Structure formats: C-alpha cells, structure tokens
Amino acid sequence: MKTGIQSWLDERLGFSNILGFLKEKTVPQHKHSIWYYTGSAILLFFTIQVITGFMLVFYYNPTLDGANESVARIMTEIPLGWIIRSVHSWAASFMIAFVFIHLLSTWLSKSYRNPRELTWMSGVFLLAVSLGFGFTGYLLPWDDLSLSATKVGTDIPSSIPLVGVWVTKLLRGGEDVTGDTLTRFFGFHVSILPVFIFILLGVHIYLIQKLGMSLPLAAEGKKEKVREIPFWPNFVFREMVVWLLLLGILFSLAIFFPPSLDKAADLMAAAPEGIKPEWYFLFLFQTLKIFPAKILFLNGDTLAVFLMLLAGILFFFLPIMDNKPTERKGRIITIIALVVIAYAVVMTIWSLL
Amino acid sequence: MKLKHSLFTRRQFLNGLLGGWLGALLASFLYPVIKFVFPPTREPDQVILAFADFRDMKPNSVKNFLWGTKPGILKKQDDGSYLAFVGVCTHLDCNVSYLADQRKFFCACHDGWYDENGRNIGGPPPKPLRRLVISIEGEDLIIKREGEERVEDQ
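Line order of the protein sequences matches chains A and B.
Every letter in the first sequence is one number past the one before it in numbering that gives the first Met the number 0, and letter 102, counting from 1, is 101.
Every letter in the second sequence is one number past the one before it in numbering that gives the first Met the number 0, and letter 57, counting from 1, is 56.
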C-alpha cells in the first residue's frame, strides 16, 4: 500500500527497484556461511567509527598546542567523553581484526576467482585505507607513544630510492614530524580517507550484489542447488544477533579498558622505551627490526621495504595469478595463506616478548 | 473475568516485544550521544573580582570582566555606584559596546540601542540588557546572577 508521497518519490527516484531487489535477494546456507557475517560486522564497526568520529571531532583540536589537551578534556570533562573515545579506539581494533578475518576467509575459500577479481582488488584497497585510518588516528592524541610511532612509520617510505623521500615529505608536511604533520594527519583521517573509503565501499558492495554471494568450492563445481534463505528478514535477523553480541563485547571492553593518554609529546625528547605501533602493524614492525643494517651491498631496510612492496603487489594481483576454474582446490594458495598467517602471528608474538 | 478472545495475536505480541526492545536499545545508545553533544551549561553562579582593579574607574566609564563564557560589563555611574550587565545584545547574541559620549550601549550587528541603564530604546532588541547583582565585601567585588539576592532575602 503506497501513500501519495511514497509513489511521488518512487516515480522520480525508483527506489522500489532497490527494495524489490532486497526482497528477492537470498543468501546461501552451508557449513561455511558463517564467513558471510564478517562483512556486515566490518560495516557495523565502520558505522560506529563514523558516529563516534563525528562526536570526537566536536571537541578535538588538531594543533600542536591543543591536541593532547583537547583529548584530555574529552576524557575528563565532557560528559561520557571517555566512553566515546574508548569505543572509537576499541572499534578501530575490532574493525581491523574483522577486515583481516574477512580477507583470510576470502583467500582460503578462493572466492576471489573469476568473476570476483575486482571485488578482491577493491577489498585490498579497503584494507589499505583502513590501515591508513589506524595509522593516522594513532597520532592524533599526540603523546610520546603516538609521536614515535608516526616518526617510524613515516620514515619507512624514505628508504625507497628516488621517490621515497618525497612520500615521506608528503606524509609529514616537511622534513620532520611537526605540528604540521598533526594537522595533515587529521586532514587525512577526517576528510581524505573517508572520501576514499565511501567510494571503495560502494564499489565493493555493488560488486557483491551484482555477482552474487560466492559458494564453497565443492558447491560451485557441482552446480547443485544449495539451500538458500531470504536476505530479508531471515538473514538480517541473524546478522542482528551477531551485531548484538559484538556490541556487547565492544562496550564491555571499552568501559573496563579505556585507552591511555600520556602527557603531550615533546618533539625534542628522546624516544621512550618500549614504543610500539598498534597491534596490526606489529608484524611489519618486527620485520623491520630483524633486518640487518647491510645485506650484501644493499641497505637492510631498503630491502625490507622492497619485499613488503612486492608482497603487497603480489597480494593485490592474487586473482590474476590464480585464475583457475572456480572448482579447483588451489592447495598451493592455501599453503601460502597459512604460511603468511603463521608468519604474522609469530612476528607479532615475537615483537611482544 | 475470562476473555473469550485474546486482545492481540501472538504475532502482534512478538512484534511489539521486539519493537519495544529495539526502541529501548536505541534509546540506550542515544543517551550517551546526547549527553556528549550537549555539554552542561557553564554560566557561573557568581564571579569574584578584585575590587582594586575597578576602584579607580572614572564615572560614566565601563570595564569588561569575564562572566563565564560571556563578556560582563561593569559600569561606574556618575554618583560613584556600580552597575553590572551581561554584555550581550538581547536581540541575537552579539556583544555590545558602551558609547560614553552618547551614554548609550550599542549593538553593531543590527543597530540596537540601550540607554545608560541598559534599557532597550531603539532598534530590534526586545528586552533590556541582563543585569547582574553586585556586592562589595572587603576587597572582593562579588557579582551574582540576578535573583540570587532575592532568594537570600526570604
């Protein structure tokens, strides 16, 4: 039953096509369908980041003199500000964690194969933008920890010959990390990266709708009928149960373990002991640590950065390299994925020791 | 009394339960958001100033002080007494200035005029400037919200 306003709008916007699509949409049910929920979990945490981010930006002051003080004010003076910052900090970790899980499930189930290559590639960009959010956000409280992490992080590109120095300058807004870096990182965090993530999310989600949900290898091959449930309301209700569970965990952690805030960073002070980046950068951090200063005639960190770049490029082009028919198992790809997971886990634990 | 038919169906009951529960959940999310976005108002109950800073003012002159987050205006009258105002136009919140030669308060935003006692006499301001209550205790000049005094009298 349509009211006059609804049909007036629908004639012009045509939203009944979209609603019709969502009504018809189905989600396959099989023993691996649990991984379908990781995507919407990422969207849940992303939404929380957008809302809490809007709120924090009301009080945050992205300047050398004001940044640390304004975060302290959010933590102590603004009503419930500490919870908002804590949720923003924890949800960032949750979002990255689910991005990793989502990615690994796609990798191990080979869902990136024809025709979903572009979905994978837009996903790799989304990963990069998400990590960019984490990296730029880490500086904003402007304490010793965040300053050191940013100095190291922005110095990494400079070991690439020719272009590297310029990348570092672009990120820092000069030769060194200064108040300009803070303002620039704030700009990345709240205006540049959001534009990219919304565009990429749009492409990613459009592709998933257009190409349909991927199926496990065995089912794809046999082309036999897989049991399906309607997206609305059956699947959405199940998703809501998952969201509630995740929200409960998130808020509990946010309330009992709020993030710390040290005194304002001193640009001239020596790096404090035990500096560490966020947990999701630890394996890269440790990789840089174990490379010796010189390997043969090459600079150690230049080689490390090149290896990381190469790994990133191979990772991006994975669907082009592994273009086997969808029903093939792809054991080598699975083994590589497991090796990468093992490497990341070992390096992360090592860096914490 | 036993009803022959139930007042609502099982489906209606469950929908109401789910809807009400979702509404309560939403409210519990909105509460901290609203608390955060609207911080408590910060108008002070009183401000205490050093009288020494204001003792040497000439008659028919004004000096500003901080009334919370607004400018306060202290005016010395011809007879040596003091008046205190919140120096904000009652029209649309612009800060006003005192024109000593004309003995008027003036708001430049929309050409609003008040006389030397803060009464609105020209232009759009709908009300007089807000008065504050002054008391001098030893070396302190204490400025309170209007109305505080009356409460103490009772």
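All residues carry an ideal CB built from backbone N, CA and C; glycine is no exception.
Please read these numbers as outputs of a predicted model, since none were measured by experiment.
Distance check between Trp-20 of chain B and each of A:Leu-243, A:Ser-32 and A:Thr-301 places A:Leu-243 closest, using alpha-carbon atoms only. Taking a cut-off of 8 Å for Cβ pairs, the stretch 99–106 of chain B and the stretch 117–134 of chain B touch, as three or more such pairs fall below it. Contact between Ser-147 of chain A and Ala-270 of chain A holds, since their C-beta atoms are separated by about 5 Å, short of 8 Å.
Residues of chain B with a Cβ closer than 9 Å to the Cβ of Ile-83 of chain A are, in chain order, Pro-31, Val-32 and Phe-35. When 9 Å is used as the limit between beta carbons, Leu-144 of chain A is near no residue of chain B, the shortest such separation being about 25 Å. Between the alpha carbons of Phe-7 of chain B and Glu-238 of chain A lies a distance of about 28 Å. The beta carbon of Pro-38 of chain B sits closer than 8 Å to some beta carbon of chain A.
If you draw a 10 Å sphere on the C-beta of Asn-67 of chain A, you find 16 or more other C-beta atoms in it, and that means buried. For the stretch 37–71 of chain A, the set of residues with a beta-carbon nearer than 7 Å to any beta-carbon of chain B comprises Met-54 and Phe-57, in chain order.
In the displayed model, Ile-141 of chain B falls within a strand according to three-state DSSP. Exposure of Arg-9 of chain B is indicated by the presence of fewer than 16 other C-beta atoms within 10 angstroms of its C-beta. Proximity of Pro-78 of chain A to chain B, defined by a Cβ-Cβ separation below 8 Å, is satisfied.
Here the C-alpha atom of Phe-84 of chain B lies approximately 12 Å from the C-alpha atom of Tyr-113 of chain B.
Considering only B:Val-95, B:Leu-140, B:Thr-89 and B:Ile-142, the residue with the shortest C-alpha distance to Pro-125 of chain B is B:Thr-89.
In the DSSP assignment, Ile-72 of chain B falls within the beta strand (DSSP E) that extends over 69–75. For the stretch 189–213 of chain A, the full-length alpha helix (DSSP H) segments reaching 4 residues or more read 192–210 along the chain. Residue pairing for Ile-135 of chain B: DSSP places it in a beta bridge opposite B:Leu-140.
Burial check for Val-49 of chain A: the Cβ neighbour count within 10 Å stays below 16, so the residue is exposed. Here Ile-120 of chain B carries a strand assignment [DSSP, helix/strand/coil].
Here Gly-111 of chain B is bridged, per DSSP, to B:Cys-106. Leu-65 of chain B is not a Cβ neighbour of Val-87 of chain B, given a cutoff of 8 Å.
Between the alpha carbons of Gln-285 of chain A and Trp-278 of chain A lies a gap of roughly 11 Å. Judged by beta-carbon spacing, Asp-321 of chain A lies within the 8 Å limit of Arg-112 of chain A, meaning their Cβ atoms are closer than that value. In this structure Pro-58 of chain B does not touch Pro-78 of chain A by the C-beta definition: roughly 45 Å separates them, more than the 8 Å allowed. Within the stretch 47–71 of chain B, the complete beta strand (DSSP E) segments at least 3 residues long are 60–66, listed from N- to C-terminus.
Rounded to the nearest angstrom, the gap between the Cα atoms of Ala-264 of chain A and Thr-182 of chain A is 15 Å.
8 Å or more divides the Cβ of Thr-135 of chain A from the Cβ of Leu-43 of chain A. Asp-55 of chain B and Lys-74 of chain B have their C-alpha atoms roughly 12 Å apart. A:Ile-159 is the residue among A:Pro-324, A:Ile-348, A:Thr-167 and A:Ile-159 whose C-alpha sits nearest the C-alpha of Ala-303 of chain A. Sequence-distant Cβ neighbours of Tyr-59 of chain A in its own chain, meaning closer than 6 Å and more than five residues away, are Ser-69. The three-state secondary structure of Lys-293 of chain A, taken from DSSP, is strand. Selection A:Ile-289, A:Leu-214, A:Asp-142 and A:Ile-155 evaluated against Asp-64 of chain A yields A:Asp-142 as nearest (Cα-Cα).
In the three-state reduction of the DSSP assignment, Asn-94 of chain B falls in the strand class, which pools E and B.
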